[in-house]
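One structure is given here, and the rest of the page talks about it.
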Amino acid sequence: MFGKLSWSAIPFDQPIPLITSIILVLVIAGTLGLVTWKRWWPYLWNEWITSVDHKKIGIMYVLLGVVMLIRGFADAIMMRTQQAVAINAPGYLEPEHYDQIFSAHGTIMIFFAAMPLVIGFMNFVTPLQLGVRDVAFPTMNLVSFWLTASGALLVNVSLFVGEFARTGWLPYPPLSETAYSPGVGVDYYLWAVQISGIGTLMTGINFVTTVLKMRCPGMSYLRMPMFCWTTLASSLIIVAVFPILTATLAMLSLDRFFGWHFFTAGAGGNPMMFMNLIWAWGHPEVYILVLPAFGIFSEVFSTFSGKPLFGYRSMVAATLFICIVSMMTWLHHFFTMGSGPAVNTAFGISTSVIAVGTGVKIYNWIFTMYGGRVRMSVPMLWSLGFIFTFVIGGMTGVLLAVPPADFLVHNSMFLVAHFHNVIVGGVVFALFAGLDYWFPKAFGFRLHEGWGKASFWFAFFGFWITFAPLYILGLEGMTRRLQHVNIAEWRPLLLISLAGVGILIVGALCQVIMLVVSIVQRDRLRDDSGDPWDGRSLEWATASPPPFFNFAILPNVEGEEAYWGIKVKAIESQRLSEEPDYRDIEMPVNSPVGFYTAVFASVTGFALIWQIWWLAGLGLAAAFAGFVVFAWRDVHEFHVPADEVAKVERARRAQREALLERIAAEESVPA
Amino acid sequence: MGRDDSRILIDATLIMLAIVVPTILLAFWMAWRYRASNTRAEYLPYWSYSGRIEAVVWSIPILTILFIGGVIWIGSYRLDPFRPLESKTPPLEVQVVSLDWKWLFIYPRQGVATVNRLVVPAGTPVHFSITSASVFNTFFVPRLGSMIYAMPGMVSQLNLQADRPAELWGQSAMFSGDGFSDMQFQVTSVPPDRFAAWAQGARGAGPVLDQAAYAQLARQSQRVAPITFGTVDPNLFAAISTQKIAPAPGPADKQGGREIVAGGRR
Amino acid sequence: MTDHPLPAAVETVRRVREDPHRLGHRGHGHGPVEGAGHGMTGPARKRIIVGYGFWIFLLSDIVLFSCFFAAFAVQRGATAGGPGISQLVEMPRVGWETAALLLSSYTCGLSFAATNARNLLWTQIFLLITGLLGLVFVGLELFEFIDLASRGITPQVSGFLSAFFGLVGLHGLHVTLAGLWLLTMMAQLQVKGFRPEVVHRLICFNLFWHALDIVWIGIFTIVYLMGAVA
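Protein chains in written order, with our numbering: chain A, 3 to 673; chain B, 40 to 305; chain C, -19 to 210.
Laid out in C-alpha cells, this is it:
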C-alpha cells in the first residue's frame, strides 16, 4: 500500500534530525497558525501564491533562496565542527549522518539556494530593465517557481522521512546505484532535483524569449543593461544544458527503479558516461550562477561610480564568450580519470581560456571606477570584496586546470576552497550586493547601512579565515568529505577554519539584524523618489515599489543607459517629459495553477521516492487534469482602465517633480 | 614525479600572481583614488571607452593564458601518469584493487599480496595497474605524486617512485561510502635489498588469496588492519578488472530506507 | 536672407522621423515591423512570443534526445554477452512505423493548412488522421517491445539494451504525450473554435509533431538502418 514507506523511516533513534524536524514542524505550524489567526490567507493567496507578477515571483524566489541558504549554512556549520573535533576521534556525527549532511549541503546550496536567488533577481529586475510589463510567459513563470519550491520541499522532507543521499551532491554511480545505495536517499535527490530542474528549464525558456522578444521601443540589443545580457547568456546556458541533467537523472532513475544498466558496475553499464554527462551540465551550471552575478556587479560598479560601464561592448563580448566556452570544459572535473595527455591538454586550455573573459570583465570594472565618484555604499563594498576574492579564486581555478597540478590537488580541500572562493566570493557576494541594491525598489525603503557594512566585513574576513586554511590542508593532501581525520597535524588549521565559521555566523546575524532594524526604521529609510542610488537603468524610472504594471506607458529609449538619458534631460530642462495619453493596459490574470502544480509535483515525487505507484499514477493523472482545466480557461488578461493607470502614474510624477525640485535647490543647476 | 608536479603548481602560481597582485592593488587604488569624498580627483561622467585600454585589457589575460596554455601542454605530456619513468632499474609491477573500504595490493612477480599496506623499494620506479572492485576511488599517495582513479571494469595506470626509504601514507581521494574516511594505507619504502628480503619472507607464508578468500575480502568492512597474503591467484587481478568476478556486493542489507542507517555503529 | 530652407535641418528632421529611437538605422532593409520584437517597436505580438518560446523548448528537447543518442553510441557495443543490435532490428515493421509517422507529419501539415483557412471540419479530420497514424506508430512500437521481451530481450540484460530501449522508448513516450495533447486540442477546438490562443497552441502542436518526426528519422537511421547493416 505505501511502497517502501513504514514507521522505521522516521528517525526516532537519531536526536539531531529528530529535534530539527520537530522544531521545523513547530515553526511551520506556528507560521500557518499565525496566518490563519490573522486572517492573512486571502491576502497571501491573491497577492502572492497565485500572483503572476514577475516582481512578486522574484521576491518569492529570493525568499525561498534565503531560507534554503540558512539550511545549507547550518549543514556547513555542522560539517566544519565535525571535522574540527573528529581528529583521531569519531566526532559527534556518524558517517551515515555526516555523508548526508555534505550531500545535502552541496545540493541545497546549488539547486535550492543559489539558483532561486539568481533566478529571483532575474525575475525581479530583467523586465523592469527592459522597460516592459512582464516576462514572456507569466503563468509559466509561476509554475517554474512552484516546481522549484516543491523540489526544495522534498529535500527538507528527507530530513525526517527516510534519509537523504549519502553520495555527494552529484551522485556518482556505481555508488549511487541500488547495489551500493539501497536506501531512498538517492531517490530523494533524484526527484527533488528533477522536479526543480524542469522548473529551471522553463525559466530558461521564459527568459530567452523575454530578452529576445520583449523589449520596450528603442531597446536594441546594445542598449540593454549588462544585467539583461547576463540574464540572456545564463538563460541560454540553462536551455542548452538543463535537458542534459534531466536525461542523466532519468537514466539513473531507470537504473535504480527498474534495474537497467546505463551506469552500473558490470553488465555493460558505463559509470564514466554519467560523469561526462553530469559535468556537461554541471560545469555550465557554475556559469549559469556566476554570469548574472557578474551582471549585478556591472550595475553596481557603474551606478556607484556615477559613470557608464567601461567597455560595454567588450563586456557583452566577454559574456557571450564565457557563455559558449563554458560548455566546452567539463572534462577538467576528471583529469585524473587518465584520459591521456592530448585530451587533458585540450580541456585544460579550454578551461583556462575562460579566464580571458573573466579577466577582461575584472579590468573593465576597475576602469569603470576610473574618473568616477565612487560611493562606498554596501553594494560597492561587496563588489570590491568580490574583486579581491574572485581574482584569487580564479587563479586557483586556473591552477586546477593545469592537469599535472590537478593530479596533486584534485578532490582535495584545495578544490573545496577554490569553488567556495568563486561561488561564495562571486555568486553569494553578488546576491548580497543585489539584495541591498534592489531592496528599496522592491519594498520602498533602503536597508540599514551600518549593519550592512558590519555584515560585509564579518562575511569577508570570516570567509577568508574559513577557507584559506583549507587551501593549505589541500596542498598537504587532505582530501574532501572526510568524516574524521587521522592526521593530528591538521588540527590547528581545522580549528582556524572553524573560527572562521564563527565569524561568518556573526556576519549572518548582522544581516538578520539589518533586516529587522530596517523594517523598524522603514519610515526613516523610506525611498520617496524611486531612484535611491542615482541609478542609470529603467527600473529606477518606476516608483518604489513599482506598480503592478511597471510602466504606465512603455518608455521610449533613445540611447544607452535609458534612464540616465531621461534623467539628464529632465534635470537640464528642469521639468518632466510631456504627460502622455494614458490607455487601458492588459495584464495577465492570477492563476492557482502554479500552486496546484506544486502540490501534485510534491505528491508524485514523494510517491515515486517511496515507490507508492498508485499515488504516483494519481498525481500524474491530476497533473494532466490540471493542465486541461488550465488550458480551458477563457479569461487570460484583465484590463486596467486608463483612469487607474493615470492615477498611479500621476502619483509617481509628483514624486519625480519633488525630486527635481530638490535637485534644483541643492545643486542650482543652470537652467 | 611528485616534485615535478609541485614545481608546475608553483610555477603556474607565480605566473598568475604576477598578474593577480597588481590587479587587486589597482582595484583598491581606483576605489580609493576616485572615492566620492576626494574632490581633487577629476570626474569624467561620460568616459567609458578607450581603445588603448581595451587592447591592454584583452591582451593581458590572453598573454597570460597563452603562457599557461604552454605550461599545460608541455606538462600534460611530460607528466602523464601513464608514461613510464625514465630509470635504469626495471620497474616493479604492482596491481591495485580498491575495495569497500580497503586497498588490495598484488605483487604479481613476487606472488604476494597485501591489504592496506604498500611496500615499495626506494629508488625503483613502480608501475601501478589500478582497478576497482566496487565503486569509484582515487589512489593517492600525497608525498609520492599524482593520483589516479580506480574504476570498476577499467584499468588505469600510474608510475611513481619513492626516492628514499620512508614511512608514508596513502588514501582514497574520492568519496566511496560510509567507510571512506578510513581508507588510508601505510606506504613503506625500503632499500631494494630489504624489499627483496621482505617479498621472499612473505612468499608462501600467511594466508592464501584465492577466489574464495577474495570473495570474503570484497565484502564491506572498515579499518582493516594490514594483511599479507603469501600465495595469490595469478589471474585474480585480470578477473576483477574485466568483471569476470562480479562486482563487490555492497551493503548486506538491501532493504533500503532508514533502517540501514544503523550500519556504521556495528 | 534666403528663402531656401536649411538642407541639413531638413535631412535631420527626415532621419529623426525615420528613426525615432536614434538607433542609427531603420531596421533591416525595411521599415520597422510592428510587433516583431525587433527592438524598435516594443514587445512582439503574442503569437510570435508563443512560437518563439516553443522553438526554444524544442531545441532543449533535442538536447534531451541527444543525450540518449550519445548513450546509445557509447553503449552500442556494451552487450555484456547479450544480443547485439543486428538481432533486434526487424526492418519491415520499422518500415511501416516510419511510413505511418512520416505520413502523419504530412496530414499534420494539411491540418494546419485547414487551420489557416479557418476550416473547422477539415482541421479536425486531418488532426484525427494524424492522431490515428500516431496511434499506429505507437502500437507497432509497443508490439516490437513486447515481441523483444518475449525473446528475453529486455533493458535489464545489458547496458546496450538499456540505451536502446531508453532512446526508442523516450521517443515513443513523446509521441504518446503528443497524442494526448492532440486529443485535448481537438476537444478544445471543437468547443472554443479558432480563438487566438487555440491557434497558437495548434502552431506549437504542429512544431512538436514535426520535431518528433525529425528525431525519428535520426533514430531510424542511427539505430535501425545502421543496425541492420551492422
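Quick reminder that beta carbons are idealized off the backbone N, C-alpha and C, glycines included.
With 9 angstroms as the threshold, decide whether the Cβ of residue i is near any Cβ in chain A.
i, result
"residue 130(C)", "no"
"residue 1(C)", "yes"
"residue 103(C)", "no"
"residue 142(C)", "yes"
"residue 269(B)", "no"
"residue 139(C)", "yes"
"residue 62(C)", "yes"
"residue 66(C)", "no"
"residue 33(C)", "yes"
"residue 95(B)", "yes"
Answer with buried or exposed for residue i, where buried requires no fewer than 16 other C-beta atoms within 10 angstroms of its C-beta.
i, result
"residue 135(C)", "buried"
"residue 232(B)", "exposed"
"residue 116(A)", "buried"
"residue 187(B)", "buried"
"residue 60(B)", "exposed"
"residue 97(A)", "buried"
"residue 518(A)", "exposed"
"residue 44(B)", "buried"
"residue 42(A)", "exposed"
"residue 634(A)", "exposed"
"residue 542(A)", "buried"
"residue 649(A)", "exposed"
"residue 196(A)", "buried"
"residue 66(C)", "exposed"
"residue 170(B)", "buried"
"residue 570(A)", "exposed"
Report all residues from its chain with a CB closer than 8 angstroms to the CB of residue i; omit the five preceding and five following residues, and keep chain order.
i, result
"residue 89(B)", "none"
"residue 107(B)", "51, 54, 55"
"residue 588(A)", "639, 640, 641, 642"
"residue 173(C)", "100"
"residue 492(A)", "89, 475, 478, 480"
"residue 103(B)", "54, 55, 58"
"residue 17(A)", "none"
Excluding the 5 residues flanking residue i on each side, which residues of the same chain have their C-beta closer than 6 angstroms to its C-beta?
i, result
"residue 30(C)", "180"
"residue 211(A)", "138"
"residue 654(A)", "545"
"residue 170(A)", "105"
"residue 59(C)", "138, 140"
"residue 55(A)", "550"
"residue 45(C)", "195"
"residue 613(A)", "5, 6"
Spell out whether any CB of chain B is found under 9 angstroms from the CB atom of residue i.
i, result
"residue 497(A)", "no"
"residue 488(A)", "yes"
"residue 371(A)", "yes"
"residue 569(A)", "no"
Within a Cβ cutoff of 7 angstroms, which residues of the same chain sit near residue i, ignoring the five residues on either side of it in sequence?
i, result
"residue 158(B)", "227, 229, 234, 237"
Whether or not the stretch 616 to 635 of chain A and the stretch 152 to 169 of chain C are in contact is what I'm after, with contact meaning three or more pairs of Cβ atoms, one per stretch, closer than 8 angstroms; do they touch?
Yes: the two stretches touch, three or more of their Cβ pairs being nearer than 8 angstroms.
Cβ-based contacts, 9 angstroms cut-off: residues of the stretch 604 to 618 of chain A near chain B:
Listed by position along the chain: 612.
Along the stretch 240 to 255 of chain A, what residues have a CB closer than 9 angstroms to any CB found in chain C?
Listed by position, the residues of the stretch 240 to 255 of chain A near chain C (Cβ gap below 9 angstroms) are 240, 241, 242, 243, 244, 245, 246, 248, 249, 250, 252, 253.
Quick one: any contact between the stretch 600 to 612 of chain A and the stretch 64 to 75 of chain A, if contact means 3 or more CB pairs under 8 angstroms?
Under the 8 angstroms Cβ criterion, the stretch 600 to 612 of chain A does not count as touching the stretch 64 to 75 of chain A, having fewer than three qualifying pairs.
Beta carbons nearer than 9 angstroms to chain C: which residues of the stretch 204 to 224 of chain A have them?
Listed in sequence order: 204, 206, 207, 208, 210, 211, 212, 214, 215, 216, 217, 218, 219, 220, 221, 222, 223.
Would you call the stretch 199 to 210 of chain A in contact with the stretch 239 to 259 of chain A, where contact means no fewer than 3 C-beta pairs closer than 8 angstroms?
Touching, per the Cβ criterion.
Sufficient close CB pairs (3 or more, under 8 angstroms) joining the stretch 371 to 391 of chain A to the stretch 147 to 160 of chain B:
With contact defined as three or more Cβ pairs closer than 8 angstroms, the stretch 371 to 391 of chain A and the stretch 147 to 160 of chain B are not in contact.
Selection of the stretch 39 to 63 of chain C by Cβ proximity to chain A, strictly under 9 angstroms:
Close to chain A, meaning a Cβ-Cβ distance shorter than 9 angstroms, are the following residues of the stretch 39 to 63 of chain C: 39, 40, 41, 42, 43, 44, 45, 46, 47, 48, 50, 51, 54, 55, 57, 58, 59, 60, 61, 62.
Counting pairs of Cβ atoms below 8 angstroms between the stretch 354 to 372 of chain A and the stretch 501 to 519 of chain A, do you hit three or more?
In short, these stretches do not touch, since the Cβ pair count stays below three.
Would you be able to state if there are at least three C-beta pairs under 8 angstroms between the stretch 119 to 137 of chain B and the stretch 164 to 178 of chain B?
Contact holds: three or more Cβ-Cβ distances are below 8 angstroms.
Taking contact to mean 3 or more Cβ pairs, one atom from each stretch, closer than 8 angstroms, check whether the stretch 182 to 191 of chain C and the stretch 82 to 94 of chain C are in contact.
With contact defined as three or more Cβ pairs closer than 8 angstroms, the stretch 182 to 191 of chain C and the stretch 82 to 94 of chain C are in contact.
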